[in-house]
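Novice:
Residue numbers (the working numbering): 496 to 643.
(1) Roughly how many angstroms separate the alpha carbons of residue 612 and residue 548, rounded to a whole number?
(2) Let me confirm a value: residue 637 is counted as buried when at least 16 other C-beta atoms fall within 10 Å, else exposed. Which label applies?
(3) Do you know offhand how far residue 521's Cα is from residue 537's?
(4) According to DSSP, is residue 621 helix, strand or coil?
(5) Ends of the beta strand (DSSP E) at residue 596?
(6) From residue 542 to residue 553, what distance separates their C-alpha atoms?
(7) Is it true that the CB of residue 506 sits closer than 9 Å to the CB of residue 566?
(8) When DSSP builds the beta bridges, which residues end up paired with residue 504?
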């Protein structure tokens, strides 16, 4: 018997204190590195994107992998990669937590386009505003002290 799943996640996390340390010219290197982590965990990446202070990952997670362990792997491994390559000289580390939201597969194309256009979205909207909108959209209670 095979296991069949289709759980579409949008994973979002920020640099520590939302510092704008992710340089646009090196984001693709980081995206390729994270793509490798997802492949090594048998996850299907639909899209990765971000701007100077945060990332979005749209992926299907293999049923044998827990969300928490995957995000930990991405953050720990990419933190080491960033430090070893010095692609973002002012980067200190990732924030402690993350956001993870599930979507219907019917939302996949809209979600991919949203993540693809992060630069345009954040010309007019902060990460904090975006995160609050995501939390509200998904009915997740939140406390201002955790959004600082």
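Glycine residues also receive a C-beta, built at the ideal position from the N, C-alpha and C atoms.
Specialist: In short:
(1) 15 Å
(2) exposed
(3) 25 Å
(4) coil
(5) 594-598
(6) 5 Å
(7) yes
(8) 554, 597
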